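Undergrad:
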Amino acid sequence: MSAGGSAQVETGARGAAVRSWRRSLRSWGARLLPGDDRDDSTARWVVPAVLIGAVAGLGAAALFGLLHLCTGWLLESVAGYRPYRTSAEGGFRTLAGSDRPWLVPLVAAGGALTATVFALWLAPEARGHGTDAAIAAAHHDPTGMRGRVTVVKLVASALTLGSGGSGGTEGPAAQISAAFGSVIARRTGMSREQARTALVIGLASGVGAIFRAPLGGALLGAELLYRRGMDAKVLPKALIASVAGWLVFGACFGFTPVLGSHPGQAVSTVGEFAVVAVVGVVAGGAGRLFTACFYAVHTRVEKRARGLLTRIAAPTVGALLVGGLGLLVPGVLGTGYGLMEAVTQRQLLLGLPLAVVLALPLAKIVGTALTVGSGGSGGIFGPGMVVGAGVGAALWRLAEPLGIAPHSPLVPVAVGMAACLGSVAHAPLGVLVMVAEMLGDASLLGPGILAVLCAQSVTGRTTLYRSQLERIGAGPSPVEEATPPEVVTAPAPHTRVAPMRRKPAGADPVAVKPTDPMPK
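Residue numbering for the sequence shown follows our numbering, beginning at 40 and increasing consecutively.
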């Protein structure tokens with residue numbers, strides 16, 4: 040047999056093996072899951088939820104580990120910059136400054152450049168903060184997320200944040216884990232509604248794992264798709280998956296709360312509750328400002344960065360500016376989670392210059408808009424918490440000399456985190472519980488509720504995630520959901536409508552104009 044014939048036989052055999060493997064997966068999925076959406080019991084979802092949660096936990100662990108390596112290599116070894124570190128990152132550490140400050144902006148720009156080129160080459164949908172892409176996929180194409188997104192988002196986010204870019208780990212963890220759920224749903228032949236559930240519980244378990252907050256992650260998954268209300272049906276499955284992801288992640292990196300354990304920090308006087316209410320109102324305003332600044336930069340870049348070079352240049356220049364800003368205000372570079380823990384401690388917060396404390400929320404807003412809003416890979420969930428923590432810390436510093444603030448800044452900082460992010464993410468319950476889990480203190484829930492309610496009175500319908508639907512049932516009808524995405528509208532008389540160009544799930548659709556008239 041000729042060499043060409045042998046190659047064809049080998050290719051055919053490989054293709055047959057792949058088809059057999061896919062048939063086996065679909066058969067396994069059919070046995071594991073109900074044949075239609077009417078039998079959607081939690082008991083039937085236990086095994087799939089554990090599987091999806093465990094895989095999401097591994098993805099979150101890979102992101103956490105790679106980010107730790109990139110930070111140690113790029114920021115600490117190359118640039119000589121040693122940022123704040125949380126208790127969950129190997130022990131709390133305060134800021135140690137930089138031996139080579141002139142290198143910090145260059146390292147940040149280099150990391151953003153490498154990450155952007157990598158993402159544009161392999162999976163352009165992995166750019167940006169990721170959570171909106173996952174929400175859009177859940178609503179419109181739950182089996183459409185590509186498997187390569189998991190690797191590309193992981194590497195690009197670790198490079199961007201590890202080199203000093205301002206962003207969070209939630210967005211990358213959400214998109215990576217949602218993609219895992221989408222791929223598993225597609226490979227096992229789940230129905231559309233089951234695939235949507237798989238994607239959502241993947242998102243929930245990834246976020247719950249990376250923040251070591253399984254209950255908060257599950258609640259977040261149920262709330263995050265909508266501006267009002269939550270999807271209660273998905274909550275039990277999300278909780279199973281989130282606990283599985285948390286166990287897998289904890290087996291790799293431990294179960295220490297992200298910001299350490301601070302039990303028993305209760306609010307006990309009317310004056311302290313007044314401070315909490317003020318923190319909520321100001322944090323809500325900061326959330327609105329954060330959203331406006333982020334989308335102002337994002338929209339401007341999307342309009343102007345049409346070519347490949349400009350799409351690469353925008354996040355690179357943004358990271359260069361962030362590197363300079365981070366030398367002036369601590370907590371701007373990287374995730375900023377270490378600074379969140381630092382400002383919960385009275386002596387450390389009093390030791391910071393008041394001007395720096397007051398500048399922290401605005402600096403984090405600007406830094407995140409320049410990093411992620413320009414197209415860099417990172418999350419905006421975590422920075423929302425950092426902004427809220429900065430608001431709480433600043434107001435505590437101003438109120439402390441008056442004798443009306445709590446002795447410890449922990450409560451204002453914690454409720455600021457929950458109020459700022461929970462109000463603009465329209466996930467108040469999930470974020471509030473997550474903050475309590477991150478700090479290991481359930482007594483924060485009471486004052487946190489007051490702060491979040493005050494913040495929501497300020498933010499209104501402002502949302503950090505534009506792919507959210509208004510409420511459950513506000514999306515397409517079941518008939519419209521089943522319509523192929525190529526059909527965009529009813530044709531005008533004597534015209535035909537060209538299909539929409541397929542793009543990766545979560546990307547903005549591109550409509551094609553009608554073509555020539557059809558013959559009569």
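The beta-carbon is built from N, C-alpha and C at its ideal position, and this holds for glycine as well. On a predicted model such as this, the values are computed, not experimentally measured, just so you know.
Reducing DSSP to helix, strand and coil, say where Y334 ends up.
TA: Note: Y334 maps to helix in three-state DSSP.
Undergrad: Kindly give me the distance between the Cβ atoms of A148 and S506, rounded to whole angstroms, as I take these residues to be in contact under 8 Å.
TA: At roughly 30 Å, the Cβ-Cβ gap does not stay under 8 Å, so A148 and S506 are not in contact.
Undergrad: Taking the C-alpha atoms as reference points, what is the distance between R500 and G119?
TA: Their backbone Cα atoms lie some 43 Å apart in a straight line.
Undergrad: Between the Cα of F333 and those of G206, F219 and L348, spot the shortest distance and give me the residue it belongs to.
TA: Nearest C-alpha to F333: G206.
Undergrad: Go through its chain and collect everything with a Cβ distance to A402's Cβ below 7 Å, but skip five positions before and after it.
TA: So the list reads L364, V368 and V371, once near-sequence residues are dropped.
Undergrad: What does L508 pair with, by DSSP beta-bridge criteria?
TA: L508 pairs with Y265.
Undergrad: How is P129 classed by DSSP in three states: helix, strand or coil?
TA: Just to set this straight, residue 129 is Gly in the shown sequence, not Pro. Residue state, collapsed to three classes: coil.
Undergrad: Enumerate, from N- to C-terminal direction, the unbroken alpha helix (DSSP H) stretches of 4 or more residues contained entirely within the segment 184-250.
TA: Counting whole runs of 4 or more residues, the segment 184-250 contains the alpha helix (DSSP H) stretches 187-201, 209-226 and 231-249.
Undergrad: Among F329, V411 and W435, which one has its Cα closest to the Cα of Q386?
TA: Selected option, being the one with the closest Cα: W435.
Undergrad: If I measure Cβ to Cβ from S196 and keep anything under 6 Å in the same chain, skipping five residues before and after, which residues do I get?
TA: Closer than 6 Å at Cβ, skipping near neighbours: P211, S416 and G417.
Undergrad: Do the CB positions of A353 and S413 come within less than 9 Å of each other?
TA: Yes, they are a contact pair.
Undergrad: Could you check which residue in L503, L388, V315 and P440 has the C-alpha nearest to that of V491?
TA: With distances taken between Cα atoms, V491 lies closest to V315.
Undergrad: What residue range does the alpha helix (DSSP H) around P486 cover?
TA: Note, P486: alpha helix (DSSP H), L484 to T498.
Undergrad: Given a threshold of 16 other Cβ atoms within 10 Å of its Cβ, counted over all protein chains shown, does F329 qualify as buried or as exposed?
TA: It counts as buried.
Undergrad: Determine the contact status of M456 and V411, defining contact as a CB-CB distance below 9 Å.
TA: Contact: no.
Undergrad: DSSP three-state call for S462: helix, strand or coil?
TA: Three-state DSSP puts S462 in a helix.
Undergrad: So, is F294 buried or exposed, given that buried needs 16 or more other C-beta atoms within 10 angstroms?
TA: Exposed is the call here.
Undergrad: Would you check if the segment 120-133 and the segment 148-157 touch, i.e. whether three or more CB-CB distances between them fall below 8 Å?
TA: Judged by Cβ distances under 8 Å, the segment 148-157 makes no contact with the segment 120-133, as fewer than three pairs qualify.
Undergrad: Could you tell me if P181 is buried or exposed, where buried requires 16 or more neighbouring beta carbons within 10 angstroms of its beta carbon?
TA: Classification of P181: buried, given that the 10 Å Cβ count is 16 or more.
Undergrad: Can you tell which of F250, R185, G203 and L274 has its C-alpha closest to the C-alpha of T236?
TA: Looking at the Cα atoms, L274 is the closest of the given residues.
Undergrad: If you draw a straight line from the alpha carbon of P448 to that of W84, how long is it in whole angstroms?
TA: Computed Cα separation, rounded: 42 Å.
Undergrad: Can you tell me the Cα-Cα spacing of G326 and G487, whole angstroms?
TA: Roughly 16 Å separates the two Cα atoms.
Undergrad: Determine the extent of the alpha helix (DSSP H) in which E476 is found, giving its start and end residues.
TA: P467 to L478 is the extent of the alpha helix (DSSP H) around E476.
Undergrad: Tell me whether the segment 274-285 and the segment 257-265 touch, counting them as touching only if at least three CB pairs, one residue from each stretch, are closer than 8 Å.
TA: Yes, the segment 274-285 is in contact with the segment 257-265.
Undergrad: Looking at C-alpha atoms only, which residue of L264, G220, E209 and L399 is the closest neighbour of I511?
TA: That would be L264, whose Cα lies nearest to the Cα of I511.
Undergrad: If the criterion is Cβ atoms closer than 9 Å, does the pair L200 and A217 meet it?
TA: No, the Cβ-Cβ distance between L200 and A217 is not below 9 Å.
Undergrad: Once DSSP output is grouped into helix, strand and coil, what is the label at G455?
TA: It is helical.
Undergrad: Would the beta-carbon of V356 fall within 9 Å of that of G92?
TA: Contact flag unset, no.
Undergrad: For the candidate residues A100, E232, R139 and V156, whose alpha-carbon lies nearest to that of A213?
TA: Of the listed residues, the one whose Cα sits closest to A213 is A100.
Undergrad: Hey, how far is the Cα of A172 from the Cα of V309?
TA: Taking the straight line from one Cα to the other gives about 43 Å.
Undergrad: Using a Cβ-Cβ cutoff of less than 6 Å, which residues in the same chain neighbour V94 once the five nearest sequence positions on both sides are dropped?
TA: If we look at V94 and ignore the five residues flanking it on each side, its Cβ neighbours are F219.
Undergrad: In angstroms, rounded to a whole number, what distance separates the CA positions of H465 and M269?
TA: Approximately 10 Å, taken between the alpha carbons.
Undergrad: Alpha carbon to alpha carbon, what distance is there between L106 and L193?
TA: In a straight line, the C-alpha of L193 is about 9 Å away from that of L106.
Undergrad: DSSP on G323, reduced to helix/strand/coil?
TA: Here G323 sits in helix by DSSP.
Undergrad: Return the CA-CA distance between H533 and A82, expressed in angstroms with no decimal places.
TA: With a pLDDT of only 40 at H533, under the threshold of 50, the placement of this residue in the model should not be trusted; the figure read from the coordinates follows. Going by the C-alpha atoms only, they are around 53 Å apart.
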